[in-house]
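The sequence shown begins at 26 in this note's numbering and counts up one residue at a time.
Every residue, glycine too, gets a C-beta built ideally from N, C-alpha and C.
See below for the structure under consideration.
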Amino acid sequence: MAELMTKGQNFIWTLDGSPPRIEAHTERKLEVIKQYLDLYFDTITANPRMDILQITFVDGFCGGGTYQRDGKLYYGSPFMLLNAVKDARFRVNIDRKKPLEIKSQFFFSDLNKAHMEILHGEILKSEFADDVGKSIILQIGAFEEILPNVIKNITRRQRRGRSFFVLDQCGYLGVSIHCLQQIFKKLDKSEAILTFSIDALLNYLRSDGTGLDKLRQFGVNDEFVSAWNELKDDDIFGRATAQRMIMNDIHKNSGATFFTPFMTRSNTDNRWMLLAHLSNHQAARDKMLHVHWDQQNYFRHIGRGSFYVLGFDNKLIESRDALFSFHAEDEKIVKEELENELLSIVIENMTNNVLPVSHLLSNIGNLTAAKNELLFSVLQEFAKEGELEIQKKDGGRKRKSTMIKVTDNLTLPSQRSFFSKYS
26 MAELMTKGQN FIWTLDGSPP RIEAHTERKL EVIKQYLDLY FDTITANPRM
76 DILQITFVDG FCGGGTYQRD GKLYYGSPFM LLNAVKDARF RVNIDRKKPL
126 EIKSQFFFSD LNKAHMEILH GEILKSEFAD DVGKSIILQI GAFEEILPNV
176 IKNITRRQRR GRSFFVLDQC GYLGVSIHCL QQIFKKLDKS EAILTFSIDA
226 LLNYLRSDGT GLDKLRQFGV NDEFVSAWNE LKDDDIFGRA TAQRMIMNDI
276 HKNSGATFFT PFMTRSNTDN RWMLLAHLSN HQAARDKMLH VHWDQQNYFR
326 HIGRGSFYVL GFDNKLIESR DALFSFHAED EKIVKEELEN ELLSIVIENM
376 TNNVLPVSHL LSNIGNLTAA KNELLFSVLQ EFAKEGELEI QKKDGGRKRK
426 STMIKVTDNL TLPSQRSFFS KYS
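If you want it as C-alpha cells, here you go:
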C-alpha cells in the first residue's frame, strides 16, 4: 500500500527544480476554497459591533507553495490562505465605522522536508516574510503527529477554537478518522476541507482485497469488500454505490455534524476524488453549497440533488443516475423534486404541528444538495397554497409573501386547502 501514499509527480517539489505543474482539478479546488473563505469572512464579520476576530488556519499537506503551467506561476494552498486573510482585512473594513482586526495564525506542515524548505524560501520572498515564526508556523512531520499540539495552541488562543483546516492529502491514509474526531470534538467552531482519493482506494481493493487493517476506519471491512466485488463490474453504478458507502462511514465516524461531499475528477490519473466539507454548523454547509452551485461544471454530487442518503440508497438503483451536476437545469429538477417531497418531510418532523425552520435545516442538512434559499422558496410556495403557515419567532403570523428566515416556525393551518396542487 505504500505506493498509494506517495505523492504523484504533480505534487513533488524539489530544491533544484521548477515547481510541479498545476492540474485543472487542483486549480478548481483552490478556487472553491478561496471563494468559500470570502463568503466565510463576510458572514462571520457581519456584526458591526465586532472589533476582533481570532482565527487559525491549518494546512496539513501544504507542499512547496507554488505551481507552474506553461511558464506561468500559480500559488498553492499556503499562499491562497494568506491572501484570503489579507483580502478580508481590506474588504470587511470598507464602510465599517468600527475597524475590525483579524488576528490570524497559520500552521503549515508537510511530511517532506524539501517541501517545507521550498515553502519557507517562497514565503521569505513574499510580503508575508516578517510573519514567519510569529503568526506563520512551519513544521515538518506527519499531520497526525503534529495535530495534538496544533489543537492545544488553538484552544489556548480561543475557547471555542475558530479554525479552518485544509487537508488536501494525496492519498487516503494521511488523515485518519481519529484526526477528524479530535478536530470536531475539541474545536467547536472548526471546519475542514478534506481531499480523499476514493477511487485509488477502490482500485487498490479491485486488485488486492488483503491488508484491510488501516482501511476499516473508513468502513472497508470484509463485508464491504464482498459487496464491492459484486458491484465493481458496473463501473458507474457500482463505483458510485461503493463511494457513497465510504462517504457515509467517514461522516458517521468523523464527529462533524454536517458532511458535504462532492466529487472532482483528475484527468491526469483518470480517477474521481472526494472533496468534502465538514463542519458543525448548517450555515457553513449552506455557504459551501452556494460555492458549488456557482462553480458549475467542475464538481459533481453522487445521486439526486433533492433528497438522498449516503450509503446504500435504493433511489440510486431506481434512477441509475450516479452523478449530479450543478447546472441551471439541475436546479430546476431539484426544485421539482422538493415540491413533491419536502412537504411530507416537514409534516413528519413536526411536534404538535410546529417545526422550527432551524430544526428542519438541521434534520435535512446532510440529505440534500439544495441551498437554503431554494428550500425557502419551496416552503414559500407551500404557504401560498395554504399547505403551511409561517410564524415569526415571537409567534406572530407572517404574510405569505414575506421571506422566510431561519428563526421562523412552520405550522399546519387549521384547515388545509382542498385545491392545493401539493395536496
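Counterpart residues of residue i in DSSP-defined beta bridges
{"i": "A217", "result": "F190 and L303"}
{"i": "T91", "result": "Y100"}
{"i": "A248", "result": "Before going on, a small fix: residue 248 reads as Glu here, not Ala. E248 is not bridged to any residue."}
{"i": "I84", "result": "It should be pointed out that residue 84 corresponds to Asp in this sequence rather than to Ile. D84 pairs with F133 and V191."}
{"i": "M298", "result": "T289"}
{"i": "E416", "result": "For clarity, residue 416 is Gln in the given sequence; the question names Glu instead. Paired residue(s): R422 and N434."}
{"i": "R46", "result": "Q93"}
Spatial distance of residue i from residue j (CA atoms)
{"i": "M428", "j": "A71", "result": "20 Å"}
{"i": "S387", "j": "Y99", "result": "38 Å"}
{"i": "D294", "j": "R46", "result": "14 Å"}
{"i": "F115", "j": "P124", "result": "10 Å"}
{"i": "N391", "j": "T68", "result": "21 Å"}
{"i": "K32", "j": "W38", "result": "Note that K32 has pLDDT 46, beneath the 50 cutoff, so the model's placement of it is unreliable and the number below is only indicative. Using only the alpha carbons, I get a separation of about 10 Å."}
{"i": "I148", "j": "I171", "result": "21 Å"}
{"i": "Y61", "j": "Y197", "result": "23 Å"}
{"i": "F190", "j": "L78", "result": "17 Å"}
{"i": "Q405", "j": "E414", "result": "9 Å"}
{"i": "Y229", "j": "L437", "result": "52 Å"}
{"i": "D238", "j": "F284", "result": "24 Å"}
{"i": "G88", "j": "L40", "result": "12 Å"}
{"i": "L205", "j": "D135", "result": "17 Å"}
{"i": "D274", "j": "R241", "result": "10 Å"}
{"i": "T180", "j": "H50", "result": "34 Å"}
{"i": "A217", "j": "F153", "result": "24 Å"}
{"i": "L107", "j": "D355", "result": "35 Å"}
{"i": "K430", "j": "F401", "result": "8 Å"}
{"i": "E361", "j": "I372", "result": "18 Å"}
{"i": "L227", "j": "F262", "result": "14 Å"}
{"i": "T220", "j": "F86", "result": "10 Å"}
8 Å contact criterion, which residue i and residue j should meet: CB distance rounded
{"i": "L163", "j": "H145", "result": "6 Å"}
{"i": "F287", "j": "L300", "result": "5 Å"}
{"i": "G199", "j": "F168", "result": "6 Å"}
{"i": "I202", "j": "N305", "result": "Actually they are not in contact, since the Cβ atoms of I202 and N305 sit about 16 Å apart, beyond 8 Å."}
{"i": "D224", "j": "M298", "result": "7 Å"}
{"i": "Q416", "j": "N397", "result": "Between N397 and Q416 the Cβ distance is about 18 Å, and since that is not below 8 Å, they are no contact."}
{"i": "K122", "j": "P73", "result": "7 Å"}
{"i": "S291", "j": "E56", "result": "Not really, about 16 Å apart at Cβ, beyond 8 Å."}
{"i": "S222", "j": "R296", "result": "7 Å"}
{"i": "S215", "j": "S188", "result": "5 Å"}
{"i": "H384", "j": "N377", "result": "Rounded, the Cβ-Cβ distance is 13 Å, inconsistent with contact."}
{"i": "F407", "j": "L368", "result": "6 Å"}
{"i": "L64", "j": "K409", "result": "L64 to K409, Cβ: 30 Å. No contact."}
{"i": "A394", "j": "L314", "result": "7 Å"}
Burial state of residue i (16 or more Cβ within 10 Å)
{"i": "A113", "result": "buried"}
{"i": "R264", "result": "buried"}
{"i": "D84", "result": "buried"}
{"i": "T81", "result": "buried"}
{"i": "Q268", "result": "buried"}
{"i": "P44", "result": "buried"}
{"i": "K426", "result": "In the sequence on display, residue 426 carries Ser and not Lys. Exposed, by the Cβ-count rule."}
{"i": "I342", "result": "Residue confidence is low: I342 scores 41 on pLDDT, short of 50, so the model does not pin down where it sits. No coordinate-derived value is stated."}
{"i": "K340", "result": "Legend: pLDDT at K340 = 45, less than 50; position of this residue unreliable, value from coordinates given subsequently. By the neighbour-count rule (16 or more Cβ atoms within 10 Å), K340 is not buried but exposed."}
{"i": "D213", "result": "exposed"}
{"i": "Q93", "result": "exposed"}
{"i": "N137", "result": "buried"}
{"i": "K54", "result": "buried"}
{"i": "G90", "result": "buried"}
Residue i (DSSP reduced to helix, strand or coil)
{"i": "W318", "result": "helix"}
{"i": "Q405", "result": "helix"}
{"i": "S134", "result": "strand"}
{"i": "N374", "result": "coil"}
{"i": "L380", "result": "strand"}
{"i": "V431", "result": "coil"}
{"i": "P73", "result": "coil"}
{"i": "L40", "result": "coil"}
{"i": "T285", "result": "strand"}
{"i": "R329", "result": "Confidence in R329 is poor, its pLDDT being 49 and thus under 50, which makes the residue's placement too unreliable to answer from."}
{"i": "Q60", "result": "helix"}
{"i": "L363", "result": "helix"}
{"i": "T393", "result": "coil"}
{"i": "E410", "result": "coil"}
{"i": "I179", "result": "helix"}
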